[in-house]
Structure formats: structure tokens, C-alpha cells
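Colleague:
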Amino acid sequence: MVHIRVLSGRKAGTELVTRHFPVRIGRAANATIQLEDAGVWDEHLRIDFKHREGYFATAGAEAPVRVNDEPQQRTLLRNGDTVAVGSVRLQFWLAGVAQRRLGYRETFTWVLVALVCALQVALVYLLIQL
0 MVHIRVLSGR KAGTELVTRH FPVRIGRAAN ATIQLEDAGV WDEHLRIDFK HREGYFATAG
60 AEAPVRVNDE PQQRTLLRNG DTVAVGSVRL QFWLAGVAQR RLGYRETFTW VLVALVCALQ
120 VALVYLLIQL
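Counted the way numbering that gives the first Met the number 0 counts, the sequence shown spans residues 0 to 129.
#1: Residue range of the beta strand (DSSP E) that Leu-126 falls in?
#2: Of the choices Pro-70, Thr-81, His-19, Ala-56, whose alpha-carbon is the least far from that of Arg-4?
#3: I'd like to know if the segment 65 to 77 and the segment 2 to 22 are in contact, where contact means that at least 3 CB-CB pairs between them fall below 8 Å.
#4: Could you have a look at Leu-6 and say whether DSSP puts it in helix, strand or coil?
#5: Would Leu-93 and Asn-78 be called neighbours here (beta carbons separated by less than 8 Å)?
#6: Taking buried to mean at least 16 other C-beta atoms within 10 Å of its own C-beta, is Val-130 buried or exposed?
#7: What is the DSSP secondary structure of Gly-53, reduced to helix, strand or coil?
#8: Buried or exposed: Tyr-54, going by 16 or more other Cβ atoms within 10 Å of its Cβ?
#9: Let me confirm a value: Ile-127 is counted as buried when at least 16 other C-beta atoms fall within 10 Å, else exposed. Which label applies?
#10: Rounded to the nearest angstrom, what separates Ala-97 and Ala-11 at their Cα positions?
#11: For Asn-29, collect the residues of the same chain with a Cβ closer than 8 Å to its Cβ; drop the 5 residues on either side in sequence, then sort them by chain order.
#12: Report the option in Met-0, Gly-25, Leu-114, Arg-9 whose CA atom is closest to the CA atom of Val-64.
#13: Below 7 Å CB to CB, which residues in the same chain sit around Val-39 once its five sequence neighbours on both sides are set aside?
Rendered as C-alpha cells:
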């Protein structure tokens, strides 16, 4: 999962957390993050995920994109990178992983431990009685 935060422009403060790719950024109606600020093209930027390689930002047809203030056409994104799309700045983060609820498993484990302890006590008691 990735977390994209809009840092400047009309939608400053907007956040997107997604695991569905590609993420399209631009003015187009089908864009995942639709921006209507100065210098933003219809299909300005696309973020793709490639298994075992990472997250890639690809600028649309000569659209100006800067990653960490360096002009880029296609680049590997890293945690914390800032991306300039026209006059808008975005920040790319890997989203935190939510732990699954383990209540039932923990309860089962503790009941099993208690049962094993009780059986050991019973076995020791039986051995002492012999």
C-alpha cells in the first residue's frame, strides 16, 4: 500500500491510500488524483507497481515532472520522495501495515498452554501417588 499526500495547490492536505495500480495523476476525469492547478496536464503522471522492483513514476508524454527537485521521465520512487506535478507538490510514502486481529489465536494459545500445564500437574500428582 502507498500513501500519497498533496502538499500544495488547491487540494493541499488531500491524502490517498491505495493498493490499486496504476495510480493516475492529472486533469483527466479518469485520474485517480484529479488536479486542476496550473501546469498540470490531463495525464501528467502514472505510478505503477512492479513486483520485486518497486514503485515507478512515469511522466506522461513530455509532461514536466520533478522527483526530489530533479527532472525525471521515469524513476523508481522511494519512501518520502516529493514529486512536483506542474505547480503541485506531492509526497509519496509506503503506508503502514495494519496488523491482523489475533485475539482468537492468542486465546487459543493461552488455553492450550493452561491445558498442558494442568495435564503436567495431574501427571506429577499421579506419579507421586504410585
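Note that the Cβ used here is the ideal one computed from N, Cα and C, for glycine as well.
Modeller: Straight from the coordinates:
#1: The residue you call residue 126 lines up with position 127 of the sequence shown. Where Leu-126 is concerned, there is no enclosing beta strand (DSSP E), although the alpha helix (DSSP H) it sits in stretches over 102 to 128.
#2: For this step, residue 4 is matched to residue 5 along the sequence shown. Considering only alpha carbons, the answer is Thr-81.
#3: no
#4: By one-based count along the sequence shown, residue 6 stands at place 7. Note: Leu-6 maps to coil in three-state DSSP.
#5: Translated into the one-based positions of the sequence shown, residue 93 becomes position 94. Translated into the one-based positions of the sequence shown, residue 78 becomes position 79. Contact flag set, yes.
#6: Residue 130 falls outside the range modelled here, since the chain spans only 0 to 129, and no answer is possible.
#7: As a position in the sequence shown, residue 53 is number 54, starting the count at 1. If DSSP states are grouped into helix, strand and coil, Gly-53 belongs with the strands.
#8: As a first step, residue 54 is located in the sequence shown; it is residue number 55 there, counting from the start. Buried, by the Cβ-count rule.
#9: Within the sequence shown, the letter at position 128 stands for residue 127. Ile-127 should be labelled exposed.
#10: By 1-based counting over the sequence shown, the position of residue 97 is 98. By 1-based counting over the sequence shown, the position of residue 11 is 12. The alpha-carbon atoms of Ala-97 and Ala-11 are separated by roughly 26 Å.
#11: Stepping through the sequence shown from its first residue, residue 29 is reached at position 30. Correct list, in chain order: Arg-23.
#12: On the sequence shown, residue 64 is found 65 positions in, with the first residue counted as 1. Considering only alpha carbons, the answer is Gly-25.
#13: The residue given as residue 39 occupies position 40 in the sequence shown. Only Gly-25, Arg-26, Val-84, Gly-85, Val-87 meet the Cβ criterion.
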